[in-house]
Amino acid sequence: MLLQVEKIEKSYGDHCVLDGLSFTVDRCEVVGIMGANGAGKTTLLRIINCLLEADGGQVLFEGYPMTRNDLEVVGYLPEERGLYRRMRVGEQVLYLAQLKGMSRKEAEESAHEWFRRLGAEDWWKKPASKLSKGMQQKVQFIAAVVHRPRLLILDEPFSGFDSENATMLRREIERLSAEGTAILLSTHNAEAARDLCTKIIKL
Numbered sequence: 383m384l385l386q387v388e389k390i391e392k393s394y395g396d397h398c399v400l401d402g403l404s405f406t407v408d409r410c411e412v413v414g415i416m417g418a419n420g421a422g423k424t425t426l427l428r429i430i431n432c433l434l435e436a437d438g439g440q441v442l443f444e445g446y447p448m449t450r451n452d453l454e455v456v457g458y459l460p461e462e463r464g465l466y467r468r469m470r471v472g473e474q475v476l477y478l479a480q481l482k483g484m485s486r487k488e489a490e491e492s493a494h495e496w497f498r499r500l501g502a503e504d505w506w507k508k509p510a511s512k513l514s515k516g517m518q519q520k521v522q523f524i525a526a527v528v529h530r531p532r533l534l535i536l537d538e539p540f541s542g543f544d545s546e547n548a549t550m551l552r553r554e555i556e557r558l559s560a561e562g563t564a565i566l567l568s569t570h571n572a573e574a575a576r577d578l579c580t581k582i583i584k585l
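What follows is the structure in structure tokens.
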């Protein structure tokens with residue numbers, strides 16, 4: 383089992399957001415996280431990504447308590463998007479890939495492959511400020527997968543995409559899953575969740 387979430391608890395003051403939540407994610411699985419706004423979806427993903435600390439329970443990665451060292455093999459597309467507006471997007475992706483442990487050469491090869499794959503080759507030298515919201519979304523998805531993560535965490539990945547780009551993203555999620563990536567997907571898109579997910583966790 384790649385990821386085990388065991389009896390996770392989280393409260394903000396008197397408000398309990400997560401109350402003993404448990405589930406597992408293995409290779410090739412796409413596990414959906416669904417729930418109303420405020421149900422704790424983003425909180426859960428932040429806990430798994432070591433951005434928040436749970437009040438109780440634990441997250442295990444390959445059988446051991448998850449630490450920040452494990453994040454080199456985790457990709458994360460947060461709900462709050464954000465690129466350096468004046469920095470060229472190609473350099474941003476290379477920078478983020480190297481933070482995940484890739485060499486400059488490995489990062490360039492993987493990044494150029496992804497830019498070609500998503501029809502974004504012409505954007506490489508453009509600053510993020512020159513890209514539309516949907517184009518920036520594509521770049522951030524590339525940044526989440528460029529280092530070939532074993533676990534991919536996607537928080538509302540379809541937000542800001544038109545139907546054509548949403549279809550493209552669903553295709554890439556299916557391909558990554560088929561190639562062995564474990565995927566944790568938080569989405570309000572019930573159709574995408576139904577089509578993509580091997581199981582759904584409702585909060």
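Using my numbering, you'd call the opening residue of the sequence shown number 383 and step up by one each time. Virtual Cβ for every residue (Gly too), placed ideally from N, Cα, C. Since we're looking at a predicted model, the values are computed, not measured.
A residue is called buried when at least 16 other Cβ atoms come within 10 angstroms of its Cβ; Y458 meets this threshold and is buried. Between L384 and L533, the beta carbon gap of about 6 Å places them in contact (Cβ cut-off 8 Å).
A564 is bridged by DSSP to L533. Each of G402, D396 and V413 was checked against the Cα of A574, and the nearest Cα belongs to V413. Taken atom to atom, the span from the alpha-carbon of D408 to that of T449 is near 18 Å.
Relative to the Cα of I582, the nearest Cα in the group D401, F405 and R499 belongs to F405. Separation of the CB atoms of H397 and A479 is rounded to 38 Å, and the pair is thereby denied contact status at 8 Å.
Taking a C-beta distance under 7 Å as the contact criterion, P509 and V455 do not qualify as a contact pair.
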